[in-house]
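What follows is a single structure, written as structure tokens, with notes after it.
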Amino acid sequence: MSQVETAVPAPTHRGYWSLVMSRLLRDPVAMACLAVLVLLVCSAIFAPWLGLADPYKGSMIARLKPLGTPGYLLGTDEQGRDMLSRLIYGGRLTLFIGLMPVVLAFFIGGALGIVAGYVGGITNTIIMRVVDVFFAFPSVLLAIAISGALGAGVLNSLVSLTIVFIPPVTRVAEAVTSGVRQLDYIDAARASGANALTVIRVHVIGNVLSPVFVYATSLTSVCMILAAGLSFLGIGVRPPEPEWGLMLNTLRSAIYVNPWLAALPGVMIFATSLCLNLLSDGLRSAMNVRD
Amino acid sequence: MSDNLLEIRNLDVRFKGARNVHAINDLSLELKHGETLALLGESGSGKSVTLKTLLRLLPEKRTDLGGSIDFDGTDIMTLSGKRLRSYRGGDVSMVFQDPGLALDPVYTIGQQIAETVMRHKGVSREDALDVALDMLHRVRIPSAERRMKNYPHELSGGMRQRVMIALALACRPRLLLADEPTTALDATVQIQILLLLRELQKEFGMGVIFVTHDIGVAVEISERIAVMYAGQIIEEGTTREVIRNPQHPYTQGLLAANLHDVARGTRLDAIPGSPPALETRPDACPFAPRCPLMVDACRQALPPVQRPGPRRRVACLRAGEAIPA
Amino acid sequence: MSVTDKPLLSVRDLKKHFPIKGGILGRTQAMVQAVDGVSFDVAPGETLGIVGESGCGKSTTAKLLIGLTDRDEGDIVLNDKTLGRDMNLRALRRDIQMVFQDSYASLNPRMTILDSVAFGARVQGLDDPLGRSRRLMDRVGLAADRFAHRYPHELSGGQRQRVNIARALAMSPKVVVLDEAVSALDKSVEAQVLNLLADLRAEFGLTYIFISHDLNVVRYISDRILVMYLGEVVEIAPVDLIWADQAHPYTRSLFSAMPSMDPDSRTEKPPLAGDPPNPIDPPSGCRFHTRCPLAAPVCKTRHPVLAPRVQGSAHWVACHLHDVSSGHPDAGKGLTA
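Chains as they are written, first to last, in the working numbering: chain U, 16 to 306; chain X, 0 to 324; chain W, 116 to 452.
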């Protein structure tokens, strides 16, 4: 009888994702960022129940009050609306059009990339050349062009941003898939008589989606900034809806009067995208379970 | 000047990180001028780490070093800056396993060798190119003049390894470190490179430390063999002594596992189990769990180093005993 | 060919040429003749060792055998059924399984060991895939109770290769192709796995095709040895015959290139100069003539045919030296290098 080998690290009877989670929980930076993001999302969702001032109700006498004014913790904007309330309500739209396109692009681009990478040949050529055409434009220009053509509005921003993010996700998914495709375990699975669909479902998706997921989380910050940019240019969300990019635009003229106030929406965008980026970094190292 | 080219005393190397790895534990080794020593060991035994330590190539922030390394009167552990650079590549140079990765793809091989010579010897470009051409002749590269203008990817694996050797020897180092330089090569090419290294060693008279996992390769290249296990040298002697009369049970097992002249269908005397993970520093014989000769004392303290002859040592309580069949 | 029993597996004139694409239009610039007219038989329960250097086509042959690479020409006949005519790929893959060299890359890193072993059995619809896999894990020396739910990175190289062997056996194959299956393992672990392979062969009546560059390992495990050079078979013979006397000059060089184990009689002269030529543009005539110490003008022009060394011998060789009618000046005298 052959020898049983010993000397193996402690047995872990856990799934891959629970392992990743436990590693992520031990990363203080990622956890702090996650906490900030959760706070932002929750406050946006539960804004109506937080007892805030009406974000649409202005006041001609209380315009551009500085930070810390009694009754207006974060001051008021150029129409005398409460900034705190507008920032929190603004989070709803901003986060929605900042995150949703990436989520959609993750699924659409991921599927396209996996098919292109696994099937290869002419299918790959067709998908990737089409993607390359979109990829050739700078993302900002592409977003502006599509939004401009479709007209302003939340839904149109969503569509245009999704189209912008499908090509990069497809590219990454295709590259990762063709890499995984070369590995022996795919050959071994094929050699056991499994058809392509089974091999993709069981062996490819799991190994491709996590790096693509990490990449997609890093896109969310770009998407937020683009979405804010579209609103800033007036082809995204329309006033008087509170949205960080739009607020940045309308407060632009107040920058000489009350610079701190004018910077607030920008600070929100910056903080959110920074947290998303750091969280994505943490996620990447947590997913690298091997080391 | 002593006749030792290299003296390693009580070397410890520990990698810090999420898991600590005690890669080298109390390793001592001497190499005389012009001597060829094979460091024989399996993966994870610390043989490549030893080479990298000799060149001070380990990442300093993640490594704890202990002990001393003396190269011809110079303390290697304290070298830095310019002196470290002239030591690397000037006094000591290295040949790697994969010449495809070790050669720079954007320079011709003539340029690469000449560049190294200019940097270390401070000679003119023309002289350096002459040296490069001479070196390519010496490593028996056919039509060397033409090859000078080739890029690494235009050469076959065996030719690339010859270029790597020419590059390593261009500055006439006193010590050549070779990290499995023939492992990636085909059998008929491997033997060519081994014989070439043997000839060049005689010609240049440098000391050589040759790291390998293959006993046959060690026999072909070396005068002396040091067998490594779990970051320690467990047996050392002349090649003849170690091959003909292995004293440590691990060495005996390795020789048996080499399958040389093993009849078909017989059971192989495999060493059971696998090497220790070295997350803690061994405080007993690291081979004990796999050893057929293990007694209680082996698990209680580090084995005594026995010295059955001049420059011969075995770290084993029961050195020299035959493994029962 | 040489085996008197009815062969379990027959390969006839297998060919695979890979195109090298280049230029802006991706046109085919050259063909790599990876496998060029390979034929052999394997008897039930036999182990055929395939040796050769990189680029000789041994790994491509392995992949052709289980249809991981599509063949250009040639027949694969298993149990009297010809692939593509009497049986499909799925049926072939139930009977031929493969173990790869890289034990880590051949396991899905996101899958537990047990799931990996059971995957094939599930795909083929065999009953009780999990129970069968657990029994096989126990059999290859990895207690299922302890190892079933671990991931590949938690295992050592030797343990992972045991998983790969169990995975191949889970489909109850008749033939197992082992492509450098022990080459990446340390010597001490290699011996353990070789012992295991020998045990399993006896227990399950397996037929092995054992591909390796290590002649000592091939000699230990094989009944017959097949030597490949640049996509062709140059010699095939029972182990003892070829070990005692290599008929092809290339085989002889390959054997003498093995490092000596005797410190007192080290190799003094390399048996061959230079590297193996590129299979993109193989030499004309006998592909070995560019490196052969015994080459004659005829070797450059005429392609030698694989034939018995002497009438009725199990030792086959493709060399003009053994064919008296070839026109080689030393033909019939044997190798006297």
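Beta carbons: idealized from backbone N, C-alpha and C, even for Gly.
All values derive from a computational prediction rather than experimental measurement.
With respect to the beta strand (DSSP E) encompassing residue i, which residues constitute its N-terminal and C-terminal limits?
i: ALA158 (chain W); result: From DSSP, ALA158 (chain W) is part of no beta strand (DSSP E); its letter is neither H nor E.
i: SER67 (chain X); result: 62-70
i: ARG205 (chain W); result: It is not in any beta strand (DSSP E) - ARG205 (chain W) instead sits in the alpha helix (DSSP H) that spans 204-210.
i: SER42 (chain X); result: No beta strand (DSSP E) holds SER42 (chain X); DSSP gives it neither H nor E.
i: SER154 (chain U); result: First-last for SER154 (chain U): 154-165, but that is the alpha helix (DSSP H), not the beta strand (DSSP E).
i: ILE7 (chain X); result: 3-14
i: MET93 (chain X); result: 91-94
i: GLU347 (chain W); result: 347-353
i: PHE209 (chain X); result: 206-211
i: GLY189 (chain W); result: 188-193
i: GLY308 (chain X); result: 304-308
i: TYR228 (chain X); result: 223-228
i: ARG312 (chain X); result: 311-314
Count the other CB atoms, across all protein chains shown, that sit within 10 Å of the CB of residue i; report buried if there are 16 or more and exposed otherwise.
i: TYR335 (chain W); result: buried
i: ASN393 (chain W); result: exposed
i: VAL53 (chain U); result: exposed
i: TYR271 (chain U); result: exposed
i: PRO122 (chain W); result: buried
i: THR140 (chain U); result: exposed
i: MET116 (chain W); result: Note that MET116 (chain W) scores 45 on pLDDT, short of 50, meaning its location in the model is unreliable; the coordinates nonetheless yield the value given after this. Counting Cβ neighbours within 10 Å, MET116 (chain W) comes out exposed, since fewer than 16 surround it.
i: HIS418 (chain W); result: exposed
i: TRP431 (chain W); result: buried
i: PRO378 (chain W); result: buried
Kindly say whether residue i, judged by its beta-carbon, lies nearer than 8 Å to any beta-carbon of chain U.
i: GLY235 (chain W); result: yes
i: ALA372 (chain W); result: no
i: PHE215 (chain W); result: yes
i: PRO224 (chain W); result: yes
i: SER327 (chain W); result: no
i: SER248 (chain W); result: no
i: MET146 (chain W); result: no
Against chain X, with Cβ distances strictly below 8 Å, would residue i count as a contact?
i: GLU305 (chain W); result: yes
i: THR382 (chain W); result: yes
i: ARG334 (chain W); result: yes
i: ARG417 (chain W); result: no
i: LEU409 (chain W); result: no
i: PRO386 (chain W); result: yes
i: VAL354 (chain W); result: yes
Are the C-beta of residue i and some C-beta of chain W separated by less than 8 Å?
i: ASN139 (chain U); result: no
i: SER350 (chain X); result: Look at the range of chain X in this structure, 0 to 324, and you will see that residue 350 (chain X) is not part of it.
i: ARG205 (chain U); result: yes
i: HIS28 (chain U); result: Low confidence applies here, because HIS28 (chain U) scores a pLDDT of 49, under 50, leaving its location unreliable and the question unanswered by this model.
i: ASN171 (chain U); result: no
i: ASN303 (chain U); result: no
i: GLY221 (chain U); result: yes
i: VAL217 (chain U); result: yes
i: LEU198 (chain U); result: yes
With respect to the alpha helix (DSSP H) encompassing residue i, which residues constitute its N-terminal and C-terminal limits?
i: SER440 (chain W); result: Per DSSP, SER440 (chain W) belongs to no alpha helix (DSSP H) and is neither H nor E.
i: HIS21 (chain X); result: Element bounds for HIS21 (chain X): not the alpha helix (DSSP H) but the beta strand (DSSP E), 20-31.
i: ASP294 (chain W); result: Run containing ASP294 (chain W): none in the alpha helix (DSSP H); it sits in the beta strand (DSSP E), 290-294.
i: SER218 (chain W); result: Segment: none, SER218 (chain W) is in no alpha helix (DSSP H) and carries neither H nor E.
i: SER155 (chain X); result: Per DSSP, SER155 (chain X) belongs to no alpha helix (DSSP H) and is neither H nor E.
i: THR238 (chain X); result: 238-243
i: LEU341 (chain W); result: That residue, LEU341 (chain W), is in no alpha helix (DSSP H); its beta strand (DSSP E) goes 339-344.
i: ASP178 (chain X); result: Taken as a continuous stretch (DSSP letters only), ASP178 (chain X) belongs to no alpha helix (DSSP H), being part of the beta strand (DSSP E) at 174-178.
i: GLN251 (chain X); result: 248-256
i: ILE192 (chain X); result: 186-203
i: ARG249 (chain W); result: 244-254
i: HIS136 (chain X); result: 124-137
How close, in whole Å, do the beta carbons of residue i and residue j come, if the pair is a contact with beta carbons under 8 Å?
i: LEU156 (chain U); j: SER236 (chain U); result: 19 Å between Cβ atoms; not a contact.
i: ALA17 (chain X); j: ILE220 (chain X); result: Not really, about 37 Å apart at Cβ, beyond 8 Å.
i: GLU41 (chain X); j: HIS212 (chain X); result: 6 Å
i: MET147 (chain X); j: ILE108 (chain X); result: 7 Å
Worksheet item: In chain order, which alpha helix (DSSP H) runs of at least 4 residues are fully inside the segment 280-331 of chain W?
Response: 302-319
Discussion item. Along the segment 148-177 of chain W, where does the CB come closer than 7 Å to a CB of chain C? Name the residues.
Written reply: The structure shown contains no chain C; the protein chains it does contain are U, X and W.
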